[in-house]
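Participant: Before anything else, here's the structure in question.
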Amino acid sequence: MNPVKRLLLGSGRISDALRGELAAEGIVFAEEGLTGSVRYRDYRDARQRLHNEIEGTAGAILLTPGRLVVWTSRGPHRGKHIDVPLRDGRPVGIEVRAEPRRIVFGYDPGDFHADRSGRVEVHLKTPSAADLGARLG
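Heads up: the sequence shown at position 102 corresponds to 148 in the working numbering, and the numbers run straight through without jumps.
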C-alpha cells in the first residue's frame, strides 16, 4: 500500500492474536492492506447517528471453512468489523456482492445488536472480488 494511504487509512492488517485464532481454524483465503470505505446509511446506535456517512479505511478479508472476518483500520467500528459464521458456504446475515475490482459486504446492524439500526456497507478494493463474490454470494 502507498505510504501516504497507509498513514491516512491505517495498515489494513489484522492483529497477531486474531491471525493465530484463524490459522487454527484453517485460513482458506486472506487479503490484507486493502483500501476502501465503510458506508453508513441511516445508522443509529446508543452513541451516534450517521445518516449518509462514508469513512475511508484500509481493511482485510479472511475466510476459514466456517467463518468470514472483515477487518477495518479506521472508523467507529475499527478492528473486527464483521465476524460471522458461514452456513452452506454463505456468511450469515451478510449480503455479498462483487463489483469490478471491489467486493461489498452489506448488513443491517440491528440483526447483530438490538440497539443499532440502519444499513452498513464495507467496500474493499481487491483483484479477487469476482472469485469472492462467487464463493460467498
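We treat Cβ as the ideally placed atom computed from N, Cα and C, and that holds for glycine.
Suppose the cutoff is 7 angstroms on Cβ atoms and the five residues either side in sequence are ignored; what does the same chain contact list for I100 look like?
Facilitator: So the list reads S83 and R85, once near-sequence residues are dropped.
Participant: Pick helix, strand or coil for R65, following the three-state DSSP scheme.
Facilitator: R65: helix per DSSP, three-state reduction.
Participant: DSSP three-state label for R120, please.
Facilitator: In this structure, R120 counts as coil in the three-state DSSP scheme.
Participant: How many Å lie between R162 and V74 at the Cα?
Facilitator: Their Cα atoms are separated by approximately 31 angstroms.
Participant: Looking only at DSSP bridge pairs, what is H169 linked to?
Facilitator: According to DSSP, which records beta bridges pairwise, H169 is partnered with S83 and V150.
Participant: Just the Cα atoms here: how many angstroms apart are S61 and D88?
Facilitator: Those two C-alpha atoms are separated by around 30 angstroms.
Participant: With DSSP collapsed to three states, give me the class of D177.
Facilitator: Helix.
Participant: Leaving aside the five residues before and after P146 along the sequence, list all residues of the same chain whose C-beta is less than 8 angstroms from its C-beta, in chain order.
Facilitator: Closer than 8 angstroms at the Cβ level, and outside the excluded window around P146, lie A175.
Participant: Quick one: does S83 have its CB under 7 angstroms from some CB of chain C?
Facilitator: Chain labels in this structure do not include chain C; a single protein chain is all it has.
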